[in-house]
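> Read in order, the letters of the sequence shown are residues -24 to -1, 1 to 492 in mature numbering (1 follows the signal peptide of the UniProt record, and there is no 0).
Virtual Cβ for every residue (Gly too), placed ideally from N, Cα, C.
Values in this document were obtained by computation on a predicted structure and should not be read as measured data.
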Amino acid sequence: MFSKILLSCLLSIPLIFCGLSVPIQETSLDSNNAVIKSSAISDDDLISETSADLLASDDKTLTDVNIVNYDLSSGATTFEYFDMYSYEAKNSNSINELSSNSSVNDVGGALDEVNVPDFEIHQVGDTDMYYVNGYTPLTASSEEIKDEEADDIDAIIGTDERTQVTNTKTGSYLKTAYMTYTYDNVYNEAENTYESVSNFSTAFMVGPNIVATAGHCLYQDVTDSGDYDDEIYNPRFPDKVEFYFGVNSLSEVNSSYEYYAEGEVVHIEYSYYISPSFDHDWAVVELDRDLGNTTGWFGRIANWYDTSAPVDTYGYPVDKPRATMWEITGNFYNKTDFRYYTNNIDTIGGQSGSPYVIAYSGVDGYVCGIHAFAESADIPTYNGGTVLYNLIFHYIRSFTTSYSQARQYEYPTLEVVSKTGSTWLIRVENTSSAGINLEYNSKMCFFNDAKNWTGLNDVVSKYFAPYEFKYVSISENVFATSITCSYVRGGERIITYANNLDTDGTLTSYNNVIPA
């Protein structure tokens, strides 16, 4: 693994803002009477104080620390140094260079055609562009749901050209999440009470259990406006972060939703932590389950730029019916080492954290950046976001590298409940932290067929929520004495099969994994 230095100490550094004004728009109350807001920030709202000035009173420097980690369960803040150069060198055996005359058009294949996880880095010729393929499960749902009723980044440039996405359970849309984050014990100056304040914006899947979004969504001052304004700049991490991938109405925003996950650890760049800037406005969140194996995840490309290429972005804006997804296609007209600029991609509050997805042949489906800011003007002329520069690219990949090296399978379980005549009642449980489409053969089968998922003519498929169990009936079948069930994840079929069933409740259970 790569070298990490963890410093388990809290850091308190005063930040001085020059005319800070972050317009956060109150929209409604949720069922728990928590104030619902949308994440908001404008391009001119962030300070220009240098990191050196802010570090003067502390012995940490940017050579010691570059990542801040916040554990949402314990509330602990730790600091680490992620050595991206060492990481890249140690993983160089997985870098596949294309020919020296390759262009970005040589990035292979549409992301949505990749149905086997690929954790390798690929380099585009001798450029500074690298990419990692994404993953789209073959079992991804194609269900289409009709819509219902909705950070204050107002950047409708000219005519609003956004269109609603209705097939949100397909392809790249299912990898995009409506993200809510709640801050507890926020003091209401006017009411003299403490409240829970909930914000929302957009995020997207970048690994089996890793999500990316804008940094200002998850590290912000929630007491800077309205009844909550304490006239002190005191940014903080939220107490709870939740994700609802591919939702298409507010009715789906609940913890029993099929594509729901909760955040466990938030990671932001240390430069942003001490001196917020759109140069480093990004965050990565570890989830409590491997939901990406069900939704799929985006491929990423670092340092990409092409003014002629179309770029898609889709997210959950505040000015539309709540929890409905909207998209638009445009292009970038300028790029720095850290930022993209566009003047034809309309966005508004709630779309912070949306992916910038390259949308032309050869690189279709790869994320190159994260939407984060807009010009703070009455009539904005541009907006933009954070480039996936080397630190972001390699840091995200470090999680998927760890995952692929230490992968553990979550096998379903089988238990005998009873037998009536020639029919066995079997308790089947999903031990996975994600919802799965579990299949079982409704008749007993031969042992090798059960093991290898072959010769099965009576397969039944049922959806199982995380950790859900169901009772199924399996009938006897002449000389066959085995039962089997399985589900597909990450290009593999994960199988539990059993024989020696007995009415006393016992059986002999086995596990197997084969290519899907």
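1. Give the secondary structure of residue 575 by DSSP, where H, G and I count as helix, E and B as strand, and everything else as coil.
2. Under 8 Å, do residue 238 and residue 262 count as touching if we go by C-beta distance?
3. Just to confirm, are residue 326 and residue 294 a CB contact at a threshold of 8 Å?
4. Assign residue 359 to buried or exposed, taking buried as 16 or more other Cβ atoms, counted over all protein chains shown, within 10 Å of its Cβ.
5. Check whether the region 255 to 274 touches the region 367 to 375, taking contact to mean three or more Cβ pairs, one atom from each stretch, closer than 8 Å.
6. Check whether the region 268 to 287 and the region 171 to 184 are in contact - that is, three or more C-beta pairs closer than 8 Å.
7. What's the C-alpha gap between residue 47 and residue 461?
8. Are the beta-carbon atoms belonging to residue 58 and residue 45 less than 8 Å from one another?
9. So, helix, strand or coil for residue 149, using DSSP?
10. Which residues does DSSP list as the beta-bridge partners of residue 488?
11. Report the three-state DSSP secondary structure of residue 228 (helix, strand or coil).
12. Could you name the residues of the same chain whose beta carbon sits closer than 6 Å to that of residue 412, not counting the 5 residues immediately before and after it, in chain order?
13. Here's the rule: buried if 16 or more other CB atoms are within 10 angstroms of the residue's CB, otherwise exposed. What is residue 507?
14. Would residue 376 count as contacting chain D if we go by Cβ distances under 8 Å?
15. With a threshold of 16 other CB atoms inside 10 Å of the CB of residue 348, please say whether the residue is buried or exposed.
16. Can you tell me the Cβ-Cβ gap for residue 309 and residue 318, rounded? I've got them flagged as a contact below 8 Å.
17. Could you name the residues that DSSP lists as bridge partners for residue 208?
18. Does the separation of the CB atoms of residue 493 and residue 468 fall below 8 Å?
19. Verify whether the separation of the beta carbon atoms of residue 221 and residue 299 is less than 8 Å.
20. Just to confirm before moving on: does the CB-CB distance between residue 482 and residue 404 stay below 8 Å?
21. Between the alpha carbons of residue 56 and residue 204, how many angstroms are there, rounded?
22. Starting from residue 421, trace the alpha helix (DSSP H) in both directions and tell me its first and last residue.
23. I think residue 449 touches residue 421, with their Cβ atoms under 8 Å apart; what is that distance to the nearest whole Å?
24. What is the DSSP secondary structure of residue 332, reduced to helix, strand or coil?
25. Can you tell me whether DSSP reads residue 202 as helix, strand or coil?
26. Based on Cα-Cα distance, which residue from 103, 241, 191 lies nearest to residue 375?
27. Which residues in the same chain as residue 216 place their Cβ atom closer than 6 Å to its Cβ, once the five residues preceding and following it in sequence are excluded?
28. Would you kindly report the start and end of the unbroken beta strand (DSSP E) that includes residue 275?
29. In this structure, does DSSP put residue 71 in helix, strand or coil?
30. Checking 8 Å against the spacing of the C-beta atoms, do residue 476 and residue 427 come in under that value?
31. For the beta strand (DSSP E) containing residue 243, list its first residue and its last residue.
32. Given a cut-off of 8 Å, decide if residue 162 and residue 173 are closer than it, judged by their beta-carbon atoms.
33. State the Cα-Cα distance for the pair residue 346 and residue 320, rounded to the nearest angstrom.
34. Taking the DSSP output, what are the residues bridged to residue 302?
35. Taking DSSP as the reference, what is the three-state secondary structure of residue 164?
36. Leaving out five residues before and five after residue 248 in sequence, what residues of the same chain have Cβ atoms less than 6 Å from its Cβ?
Reading off the structure:
1. Any property of residue 575 remains undetermined from this structure, which presents the chain solely from -24 to 492.
2. Not closer than 8 Å, so no.
3. yes
4. buried
5. yes
6. yes
7. 36 Å
8. no
9. helix
10. 471
11. Residue state, collapsed to three classes: helix.
12. 406, 440, 463
13. Because the chain is modelled from -24 through 492, residue 507 falls outside the range shown and cannot be assessed.
14. Here chain D cannot be found, since the structure has a single protein chain.
15. buried
16. 6 Å
17. Paired residues: none, contrary to the question.
18. Outside the displayed range of the chain (-24 to 492) lies residue 493, so it cannot be described from this structure.
19. no
20. no
21. 32 Å
22. Segment: none, residue 421 is in no alpha helix (DSSP H) and carries neither H nor E.
23. Between residue 421 and residue 449 the Cβ distance is about 15 Å, and since that is not below 8 Å, they are no contact.
24. Strand.
25. helix
26. Minimum Cα-Cα distance from residue 375 among the listed residues 103, 241, 191 corresponds to 241.
27. Correct list, in chain order: 158.
28. 275 to 277
29. Because residue 71 carries a pLDDT of 39, less than 50, the predicted location of this residue cannot be relied on, and no value is offered for it.
30. no
31. 236 to 245
32. yes
33. 16 Å
34. DSSP lists 140, 291 as partners of residue 302.
35. strand
36. 191, 256
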